[in-house]
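Chains as they are written, first to last, in the working numbering: chain A, 1 to 377; chain B, 378 to 824.
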């Protein structure tokens, strides 16, 4: 028996290996292209819905009409060729130009056609110009305003996401090893605190560390004026990052640890883990081979959910901490009724979400043997 | 019935569940009390009211119980009125037309700081000849200060600090300090003891009357303090309870039930219905939930009920639909469903009478656990300035406090009071949800 089984398995695995590799590649390609297609369709539908919502109030139309009126009036009044005309003639000229401009942009067309144009503009990130807001460099291009804010958002989401994810898994593993200890009980008792969102803990953190102790700043990304030295600049940003990042982490770490710990506990009572223990394998090997490996797809799915949660949940935290990311830009755009920016940042969110989902799908396909070999069911 | 009894018995074995339930019961009690004592329209009127409703309160006053915990005792606000006889009024008639009116209020002042402001509100009745009053201030150390002499039209408001004449005669712009601090002392110390405000008035017609209200704006007020607009914060704290509970419970219930029905319909009919539901779920994942709520709030209406509707609509096609679908797919094959089909039960009968009721036990923990999320969502929208414009809610108080820089200015009570209430509500439901989860999910029981 002992000599037979390796040869058997070697035989059975060596013969179909080549064709398997081929089919795996084909399957992977097929799987990925289907996913890309569905994600694209999903994004298109999502963005279109957003445009519909933002248009039902007639806002985008009004914006475009205003923009045309402003630009044509300006150009005609500034044009020296028209200086000789009477005010009435000028007005007529302006009205004519506006009408032709509106016709050119399709504002005289039915809404269905126009909404399609908006959709194409939005999807190609041709987001137009902001009504009131400008980027730090003075541009009114919505795309530039939003791209300028992206690094700050990514800094906050990236830092907190990584700490939360790896921190809680690491901690949960060690808890599942000695569950029932007082730390374990404390985590269980603390996990309901995650029902409050990050901005809520942010208020308390600002109160304690900024208002009372005065050791950390109330908010913002850097001091003003910012340090000139890039090392000091980095340190200063880190100092400003502490409170918002802590707020995000505190608001979900306990529940996250609790969930992982419960999950790992369920898996570590499986028979094959017991066998591994009976064989006398070191705990680290048991963890990495028999607990982490089969739970990997779940871990990755949860990572996806976490990242998606981080994208969507930051508007308020950024607002409370005056963190100059996408979220606060969106909030300010709402305050200024700057619809192109609102729609633009919605589209960026949609893209980021889709990209996250897609990327994780890809990783999932790499890790999950069922997706690779059998196509899954 | 028996099952319910078992659940309740199980619940009492978890001390945390009992704790959570008592918080929820307490909040429900507060909510009922708020709705019974203050009708909806009255709450809106008070919350939207300006100076005319809230003139009796100081601005930015901390709760009165702060004095219990503080070394420096700060003055507590009060008001007295001759109309309800909390301020004494004696009328003596000299002849038919002329009478003199004496209104006196004596109060003990044992606080360490002078008050924000003192106001007198006079209401008079006369035909042609205006009544006349002079106001005199008596301090505990025996000083007598002439405040003002005024002829009174129908309604007159006299503000001590804003009287330029009084400022001139006291030789300072800080009237309150001049009236309450010891002039002999080098460091500013309040003269403690009995102060007396005396108003001696005269009317010059038969049937002419004077009434006065003495409003004393201290630094502290009531159980919860006041905000920028002098509004008593107790109102939004009290009335925010039913609103928060209604929003949280309705959103949780609506979302959970609709999700379940949709999942059941999808799995039962299968085919394109199921496919459609799954695709919608995916689109919904890409749609930025908060941004859409924000856009709806900005473009259309900030009404809390519209927000509730949109919240439910966007949450129905969430991740839980997949979990329910998986379970329904199993129970669809169960033999009792087959039996139902065999006797000719309609699809809707099978879905609503056989498939869904079996899932209710699974639904309850999810439902209870999702309440805090929705309660905080309402608060989050308010913090973003998208709270219902007419309703007093906890989130609105936090929003007001933030716009006014309450944390920079040390007005911590303003933020902490609604925040603590939010936390209690969230914790109550979350703790109960946790316990229910353990009861309904036997897999979790041992770990």
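Ideal placement from N, C-alpha and C gives every residue a C-beta, glycine not left out.
- The beta carbon of residue 252/A sits no closer than 8 Å to any beta carbon of chain B.
- The beta carbon of residue 174/A sits no closer than 8 Å to any beta carbon of chain B.
- By the 16-neighbour rule on beta-carbons within 10 angstroms, residue 460/B is exposed.
- Shown here for residue 25/A: not one same chain residue has a beta carbon closer than 8 Å to its own, the five before and five after excluded.
- By the rule that beta-carbons nearer than 8 Å mark a contact, residue 668/B touches chain A.
- The count of Cβ pairs closer than 8 Å, one atom from the region 606–614 of chain B and one from the region 706–726 of chain B, stays below three, leaving the stretches out of contact.
- Our two residues, residue 600/B and residue 444/B, have alpha carbons roughly 12 Å apart in a direct line.
- DSSP, read as helix, strand or coil, puts residue 443/B in helix.
- Closest in C-alpha terms to residue 645/B, from the list 629/B, 604/B, 624/B, 708/B, comes 708/B.
- Looking at the DSSP output, residue 455/B shares a beta bridge with 593/B.
- A straight-line Cα-Cα distance of about 36 Å links residue 484/B and residue 412/B.
- In the three-state DSSP reduction, residue 476/B falls in the strand class (E or B).
- Annotation: the continuous alpha helix (DSSP H) that includes residue 198/A extends over 198–205.
- Among the residues facing chain B, residue 192/A is included, as its CB has a counterpart in that chain under 8 Å away.
- In the DSSP annotation of this structure, the continuous segment of the beta strand (DSSP E) that includes residue 494/B starts and ends at 494–502.
- What residue 199/A touches in chain B, judged by beta-carbon distance under 8 Å, is 757, 760, going in chain order.
- Pairing residue 811/B with residue 781/B, the inter-Cα distance amounts to about 37 Å.
- Taking a Cβ-Cβ cut-off of 8 Å, the neighbours of residue 749/B in chain A comprise 195, 196, given in sequence order.
- At a beta-carbon threshold of 8 Å, the residues of chain A lying near residue 659/B are 38, 42, ordered along the chain.
- When secondary structure is reduced to three states using DSSP, residue 711/B falls in the coil class, being assigned neither helix nor strand.
- Per DSSP, the beta-bridge partners of residue 571/B are 485/B.
- Taking C-beta atoms as the reference points, residue 591/B and residue 456/B count as a pair closer than 8 Å.
- Taking all protein chains shown into account, residue 277/A has fewer than 16 neighbouring C-beta atoms within 10 Å of its C-beta and is therefore exposed.
- Within the region 207–219 of chain A, contact with chain B at the beta-carbon level (separation under 9 Å) is assigned to 207, 210, 211, 212, 218.
- Residues of the region 316–331 of chain A with a Cβ closer than 8 Å to any Cβ of chain B, in chain order: 316, 319, 320, 330, 331.
- Only 792, 793, 796, 799, 800 from the region 790–802 of chain B bring a Cβ to less than 8 Å from some Cβ of chain A.
- Residue 179/A is positioned such that its CB atom lies no closer than 8 Å to that of residue 250/A.
- As computed with DSSP, residue 535/B is found in a beta bridge with 497/B.
- Going by DSSP, residue 317/A is part of the alpha helix (DSSP H) stretching over 314–320.
- Across the set 360/A, 357/A, 345/A, the C-alpha of 345/A shows the shortest separation from the C-alpha of residue 130/A.
- For residue 665/B, a Cβ of chain A is located within less than 8 Å of the residue's own Cβ.
- Residue burial is scored here from C-beta neighbours: residue 88/A has fewer than 16 other C-beta atoms within 10 angstroms and is therefore classed as exposed.
- The criterion of a C-beta distance shorter than 8 Å is not satisfied by residue 621/B and residue 743/B.
- Residue 515/B sits in a strand when the DSSP states are folded into three classes.
- Within chain B, the C-beta atoms nearer than 7 Å to that of residue 45/A come from 660, in chain order.
- In this structure, the alpha-carbon of residue 239/A lies about 20 Å from that of residue 315/A.
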